[in-house]
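Contents: one structure, followed by commentary.
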């Protein structure tokens, strides 16, 4: 369903590029879980080198919308090369280290390695596609379809497989509140739908980890 959009081979190449080629050009800073990040992407590229972030936007009243999760080798702030400011908030989900690269340093590198611009465009387009999928979920007729679609997408983006057992385990910790935030419904609704999916043998949950036991059934419900 989403696998064709999140091919892991080019994603792995992109992560390796940022970790091995670009991150050493910057200044690294470390943050604890939920720390306020003091460098913002107005004139810097930020590369996660350790840990995990969520990228959010907030309303004036404090409502949060999660846009993306970022793992090591993934970036934010690439749009600042083309646009002066986008109002996003990075939040560490655990102890996290970020390398901040001045745009001037990055531009000088790219002048010498013009083919590597493709990694910037790849990151931007990937996030654009995720945003389109999130908006598409809002058009689905039931919260169950929205949640199944979100789980299918997260699995396609980040899942790891256990080769000895027939299931997929998401490698991101998801509270019911966070999952509701992603698709725009209440925690109570998420809890009800996840319990339904567990009763139907489609998923299982433990320690905020979600295992997909029947991916085909999940895909069918997504549609």
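In our numbering, the protein residues as written are 190 to 412. We treat Cβ as the ideally placed atom computed from N, Cα and C, and that holds for glycine. Just so we're clear, the structure is a prediction, and the values are computed from it rather than from any experiment.
Query                                                                                                                                                                                               : Result
Could you give the distance in angstroms between the alpha-carbon of residue 381 and the alpha-carbon of residue 265?                                                                               : 34 Å
What do you reckon, are the CB atoms on residue 242 and residue 281 nearer than 8 Å?                                                                                                                : yes
Assign residue 250 to buried or exposed, taking buried as 16 or more other Cβ atoms, counted over all protein chains shown, within 10 Å of its Cβ.                                                  : exposed
What would DSSP say about residue 273, mapped onto helix, strand or coil?                                                                                                                           : coil
Starting from the C-beta of residue 295, find all residues in its chain whose C-beta is less than 8 Å away, skip the five residues before and the five after it, and write them out in chain order. : 211, 214, 234 and 270
What does residue 235 pair with, by DSSP beta-bridge criteria?                                                                                                                                      : 265 and 289
Give the straight-line distance between the Cα atoms of residue 301 and residue 274, rounded to the nearest whole angstrom.                                                                         : 26 Å
Could you name the residues of the same chain whose beta carbon sits closer than 6 Å to that of residue 374, not counting the 5 residues immediately before and after it, in chain order?           : 332
How long is the line joining the alpha carbons of residue 362 and residue 393, rounded to whole angstroms?                                                                                          : 13 Å
Can you tell me where the alpha helix (DSSP H) holding residue 411 begins and where it ends?                                                                                                        : 404 to 411
Nearest by alpha-carbon distance to residue 370: which of 389, 217, 303 and 324 is it?                                                                                                              : 324
How long is the line joining the alpha carbons of residue 261 and residue 206, rounded to whole angstroms?                                                                                          : 11 Å
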